[in-house]
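**Student:** Protein chains in written order, with this note's numbering: chain F, 253 to 372; chain Z, 74 to 256.
Okay, handing you the structure first.
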């Protein structure tokens with residue numbers, strides 16, 4: 253689980269951009285989506301999430317605006333920019349390529365192991 | 074309980090400089106925590122449990138504040154650089170004394186050392202927390218000017234005015250900082 257969450261944390265930016273590519277959203281909603289979609293197996297810390305927002309905003313991948321909530325604190329909404337969409341497309345290509353390579357490498361190792369075990 | 078959450082977030086961000094960025098971050102975190110708290114209560118959690126879950130979910134904000142504060146030089150360098158500074162100051166003092174017999178005004182070099190130490194500390198401190206070392210540097214500068222002017226002219230009463238000037242400079246700087254943060 254900890255290795256899995258490290259892997260996911262390394263791709264937080266991609267997860268956020270993927271969510272924002274569907275619609276504008278705010279921190280809590282994105283985290284809730286991550287929690288629900290992952291079947292309660294993953295929840296980001298607020299600090300991790302805001303760190304990612306700041307990074308993406310500085311990189312010009314997202315912009316933000318304030319909601320008009322009248323009760324309590326205002327929500328800060330994020331919107332993906334064209335540069336953000338391009339970055340997301342690139343990350344998805346990289347991710348798929350990395351996944352294919354790792355899958356292929358693991359597959360090969362497993363086959364070899366299987367073969368050796370079979371010989372014994 | 075929502076007040077307690079608000080207080081907790083304020084405490085977390087207490088040491089951060091009061092910039093637009095921190096204020097925004099505080100409001101954003103508060104909105105998020107209150108949403109989460111309301112959801113947890115709606116799902117049947119007790120207020121205490123919900124509060125604990127919300128607080129635990131915030132995580133390490135220091136990393137985030139590091140980002141908000143702006144990067145500074147590696148603080149580990151401060152120690153060795155301070156030691157080198159003071160070694161050079163002592164060496165300089167001994168040289169002035171033994172080679173030129175300037176023991177008397179030569180001791181002023183320690184004040185210059187203190188000034189450099191403050192500036193060095195300021196350089197290694199996050200912007201927004203530099204007030205201490207910079208105020209120190211200002212008053213040490215004032216003392217240096219006071220002593221040099223005093224020894225040079227013997228008009229100590231006039232030299233005293235430099236401290237009033239230092240106070241004035243400090244107030245002007247404070248004003249500029251407040252004005253800059255507000256805009």
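Using N, Cα and C, we set each Cβ at its ideal position, and we do this for glycine too.
Since we're looking at a predicted model, the values are computed, not measured.
Anything in the region 282-301 of chain F with a Cβ closer than 9 Å to a Cβ of chain Z? List those residues in chain order, please.
**Tutor:** 283, 284, 295, 296, 297, 298, 299, 300 and 301
**Student:** Which one of 181(Z), 176(Z), 137(Z) and 189(Z) has the shortest CA to CA distance from residue 156(Z)?
**Tutor:** Position 83 of the second chain, counted from the start, is the residue given in the question as residue 156(Z). Taking only the C-alpha atoms, the option nearest residue 156(Z) is 189(Z).
**Student:** Would DSSP call residue 141(Z) helix, strand or coil?
**Tutor:** On the second chain, residue 141(Z) is found 68 positions in, with the first residue counted as 1. Below a pLDDT of 50, predicted positions are generally treated as unreliable, and residue 141(Z), at 48, falls in that range; no measurement from the model is reported.
**Student:** What did DSSP end up calling residue 216(Z) once you bin it into helix, strand or coil?
**Tutor:** The residue given as residue 216(Z) occupies position 143 in the second chain. Helix at residue 216(Z).
**Student:** Shorter than 8 Å from the beta carbon of residue 304(F) to some beta carbon of chain Z?
**Tutor:** Translated into positions along the first chain, residue 304(F) becomes position 52. Not flagged as an interface residue toward chain Z: residue 304(F), since no C-beta distance is shorter than 8 Å.
**Student:** Assign residue 298(F) to buried or exposed, taking buried as 16 or more other Cβ atoms, counted over all protein chains shown, within 10 Å of its Cβ.
**Tutor:** Locating residue 298(F) in the first chain gives position 46, counting from the first residue. Buried, because 16 or more other Cβ atoms sit within 10 Å of the Cβ of residue 298(F).
**Student:** Any beta carbon of chain Z sitting closer than 8 Å to that of residue 280(F)?
**Tutor:** Locating residue 280(F) in the first chain gives position 28, where the first residue counts as 1. Yes, its Cβ sits closer than 8 Å to a Cβ of chain Z.
**Student:** Since I believe residue 75(Z) is in contact with residue 98(Z) (beta carbons under 8 Å), could you give me their beta-carbon distance rounded to a whole number of angstroms?
**Tutor:** Here residue 98(Z) corresponds to residue number 25 of the second chain, with the count starting at 1. Here residue 75(Z) corresponds to residue number 2 of the second chain, with the count starting at 1. Actually they are not in contact, since the Cβ atoms of residue 98(Z) and residue 75(Z) sit about 18 Å apart, beyond 8 Å.
**Student:** Find the nearest neighbour of residue 301(F) within the set 269(F), 323(F), 332(F) and 264(F), judged by alpha-carbon distance.
**Tutor:** The residue given as residue 301(F) occupies position 49 in the first chain. For residue 301(F), the closest of 269(F), 323(F), 332(F) and 264(F) by C-alpha to C-alpha distance is 264(F).
**Student:** Quick one: is the Cβ of residue 288(F) within less than 7 Å of any heavy atom of the ligand GDP?
**Tutor:** No copy of the ligand GDP occurs in the structure displayed, which carries no ligand at all.
**Student:** By how many angstroms is the C-alpha of residue 248(Z) removed from the C-alpha of residue 82(Z)?
**Tutor:** As a position in the second chain, residue 82(Z) is number 9, starting the count at 1. As a position in the second chain, residue 248(Z) is number 175, starting the count at 1. Roughly 28 Å between the two C-alpha positions.
**Student:** Starting from residue 316(F), trace the beta strand (DSSP E) in both directions and tell me its first and last residue.
**Tutor:** Position 64 of the first chain, counting from 1, holds the residue named residue 316(F). 314-318 is the span of the beta strand (DSSP E), which, as asked, contains residue 316(F).
**Student:** If you draw a straight line from the C-alpha of residue 143(Z) to the C-alpha of residue 199(Z), how long is it?
**Tutor:** The residue labelled residue 143(Z) in the question sits at position 70 within the second chain. The residue labelled residue 199(Z) in the question sits at position 126 within the second chain. Residue confidence is low: residue 143(Z) scores 46 on pLDDT, short of 50, so the model does not pin down where it sits. No coordinate-derived value is stated.
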